Structure formats: structure tokens, C-alpha cells
Amino acid sequence: MQRKITLIGFVFLSWLIAAQGCSSQFYKKNGEVYDSWGICRTRAQGEDGYFQIMPSGFRPVIVSESLGKSDSLACKWGKELLDKFPGNDYRARKIFEFVKNKVGYIHDIEQFGYQEFAQNADELAHSIQEGSARGDCEDYAILLATLYKMAGYRSAVALIPGHAAALVYLPGYRKSNVSMELGGEEGWIWAEATGKNNYLGWTPPRVLTSSVVAYEIKEAEEISLVSEPSGELIKLKRKAQRIPPFLSFLFIILMFPILVRFLRSSLFR
């Protein structure tokens, strides 16, 4: 049986910024990291935050760094997925599975050394291409919202306290445990690919007891930079993925007999 949620909705005009895709440079100022467009990657709040969360609402400005440009890798993939997979529901599931299988979940502090660090859709897409894509909830939401939009769907970014996910408009979709209404229209589906057992339409229980706001991505408008980049120029490096303790222990157990044989053969030559 489906539960029904009515979302607080906003309209997002997905801006086109002169230079699209990956930020070529990052700047550090007052302990925060800013990209080439003057958007703060380490903070979601405020006029220059990557989600521009303010008392009046929010808008996921970081989506605009990739959306709607021909040289955007994420947008190119979205268009290719539109051509490759027929059928609305089937294609939507394929896009969801693609992101779920290609991106590994990791906390920002473990990957970048910051409590928060948002990646835009192209940065994550290029990491997928290199076979090293990792991110947390906002990264999944940004990439999914971009892919869905470019693959012919209406999409949105949804927020609950401390969490983000994508939404895709799929009226009549039967594999969702929650029915969502945005802007007076029912048929919005929760898309959260952060867990390997998640499926398109699965909605976490905490969403049912939280205040949910959503921002639909619509037509594009060209705008200037949020602010001029300033501060110390830095080179951002992702931390190497650590081997889980259990796997390290297993490696030692497996290697121990080999090491013993090697030492014995060395001693008794």
C-alpha cells in the first residue's frame, strides 16, 4: 500500500554558466573551498552555497554547472540513455541502476577531508569513467537529477534535514512504496541510489516523518558567476580508499602460511 507525501516545491531555472563541466580550479577562503564559478563546495547554506539553502527555500545551483551543455559528459550520457533504452519506467530504472552500480558510497570527510564537499555531475561522471567514482547523498542526487533531466524526464532535488535525494516524475509507477505530490502533481518518485539494495521508488522511513522540500529542474537561463572566485588557489586531492579492517585481517590470514613456508625454505637451504 502506498503512502502519500505532499512536497513543498520550488521551481529551478537551470542556469547555464559560461564554462561548463568540471571546475578547473578550487580556491580556499576562510576555511571554505570555492570552485571556478564562485560556488562554495563545502557548504550548502547561503547565497553562494552549492544548494543555496536559505530561510525562504533552496535551489541546487551546482546542477547548473553541468546541465544543458553539449560538452558536458553527464548530459551526453543522459541523451545516450534516452536513445538506448525505450520505455519510460524501464529507462528510469536503468539510469538508477547505472548510478547505483558505478558510484560507491563514502562520507565526504573520508574522501576529501571536509565534513561537506559536493561534486557536480560532470566531476562524478569523469570519476565513473576512470573507475574511481565515490560520493555521498548530495553527489548521487546531483548526478541522478542531471541524467534524468537529459534523458527526457522531469526531475528534482529533494532535501530532508541532513540528507538529499533525487526525484523523477513517473506517474503510474507501481514499484514505489510512497506516492509523492509536488506542485499539485502526484507521481513523483524518490530516487536514492546510495545503498546497494535500494531500488527506484524505495523511500527511507525517515522521509515519512520529516519535512521534505523539493526543487524541480526546469528550463535553462544564462547567468553570470555567483561571485568572483577569490582566495588561495588549491589543488584538491581525493584520499586513497582505505582497505576495510576485515579485508586486511583476511589478507594476513591468507598470506601467513605462504610467509611461513618462505621462511622455512630460507632457513634450511
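Numbering (the numbering used here) for the sequence shown: 1279 to 1547. Glycine included, every Cβ here is placed at the ideal spot set by N, Cα and C. These numbers were taken from a predicted model, which means no experiment stands behind them.
Pick out whichever of the options has its Cα sitting closest to the Cα of residue i.
{"i": "G1461", "options": "D1361, K1357 and K1496", "result": "K1496"}
{"i": "E1494", "options": "G1473, A1419 and G1479", "result": "A1419"}
{"i": "L1402", "options": "G1382, Q1323, K1307 and R1321", "result": "G1382"}
{"i": "I1317", "options": "S1334, S1342 and G1356", "result": "S1342"}
{"i": "R1412", "options": "S1454, K1380 and E1310", "result": "K1380"}
{"i": "S1410", "options": "E1325, I1384 and P1482", "result": "I1384"}
{"i": "W1480", "options": "L1351, R1452, F1336 and R1369", "result": "R1452"}
{"i": "R1319", "options": "I1340, S1350 and E1463", "result": "I1340"}
{"i": "A1423", "options": "R1484, D1414, G1356 and S1454", "result": "G1356"}
{"i": "N1455", "options": "E1463, V1485 and S1489", "result": "V1485"}
Name the one or two DSSP bridge partners that residue i has.
{"i": "C1353", "result": "C1353 is not bridged to any residue."}
{"i": "C1318", "result": "Y1312 and G1327"}
{"i": "G1335", "result": "M1332"}
{"i": "Y1368", "result": "Bridge partners of Y1368: none, in fact."}
{"i": "Y1383", "result": "G1413"}
Would you grab the beta carbon distance between residue i and residue j for me? Rounded to a whole angstrom, and I think it's under 8 Å.
{"i": "A1434", "j": "L1445", "result": "4 Å"}
{"i": "K1378", "j": "K1474", "result": "7 Å"}
{"i": "A1436", "j": "E1416", "result": "The pair is not a contact, with the Cβ atoms about 11 Å apart (cut-off 8 Å)."}
{"i": "S1314", "j": "Q1303", "result": "5 Å"}
Between the C-alpha atoms of residue i and residue j, what's the straight-line distance to the nearest angstrom?
{"i": "E1459", "j": "L1448", "result": "11 Å"}
{"i": "E1358", "j": "L1425", "result": "10 Å"}
{"i": "F1374", "j": "E1510", "result": "38 Å"}
{"i": "I1467", "j": "A1399", "result": "20 Å"}
{"i": "Y1431", "j": "K1372", "result": "13 Å"}
{"i": "G1465", "j": "G1450", "result": "7 Å"}
{"i": "Y1392", "j": "N1366", "result": "38 Å"}
{"i": "I1501", "j": "P1338", "result": "Below a pLDDT of 50, predicted positions are generally treated as unreliable, and I1501, at 40, falls in that range; no measurement from the model is reported."}
{"i": "F1363", "j": "E1470", "result": "21 Å"}
{"i": "T1487", "j": "S1457", "result": "14 Å"}
{"i": "E1388", "j": "Q1397", "result": "14 Å"}
{"i": "L1345", "j": "A1352", "result": "8 Å"}
{"i": "V1311", "j": "D1386", "result": "13 Å"}
{"i": "A1439", "j": "S1348", "result": "It is worth fixing the name first, because residue 1439 is Pro in this sequence and not Ala. Looking at the two C-alpha atoms, the distance is approximately 34 Å."}
{"i": "E1499", "j": "Q1323", "result": "Low confidence applies to E1499: its pLDDT is 40, below 50, so where it sits in the model is not reliable enough to give any reading."}
{"i": "S1405", "j": "F1390", "result": "14 Å"}
{"i": "F1376", "j": "Y1328", "result": "24 Å"}
{"i": "K1427", "j": "L1478", "result": "16 Å"}
{"i": "V1245", "j": "M1332", "result": "Outside the displayed span of the chain (1279 to 1547) sits residue 1245, for which this structure offers no information."}
{"i": "E1408", "j": "S1350", "result": "16 Å"}
{"i": "G1335", "j": "G1309", "result": "25 Å"}
{"i": "R1321", "j": "Y1368", "result": "35 Å"}
{"i": "I1476", "j": "D1326", "result": "For clarity, residue 1476 is Asn in the given sequence; the question names Ile instead. If I take the Cα positions, the gap works out to 32 Å."}
{"i": "D1361", "j": "A1370", "result": "13 Å"}
{"i": "Y1305", "j": "T1472", "result": "29 Å"}
{"i": "S1489", "j": "P1483", "result": "12 Å"}
{"i": "E1394", "j": "D1414", "result": "9 Å"}
{"i": "E1463", "j": "L1421", "result": "23 Å"}
{"i": "F1524", "j": "K1307", "result": "Residue confidence is low: F1524 scores 49 on pLDDT, short of 50, so the model does not pin down where it sits. Its coordinate-derived value is still stated next. Each residue's alpha carbon lies about 39 Å from the other."}
Which complete beta strand (DSSP E) runs does the stretch 1401 to 1474 hold, if anything under 3 residues is left out? Complete beta strand (DSSP E) runs here, min 3: 1433 to 1438, 1441 to 1447, 1456 to 1460 and 1463 to 1469.
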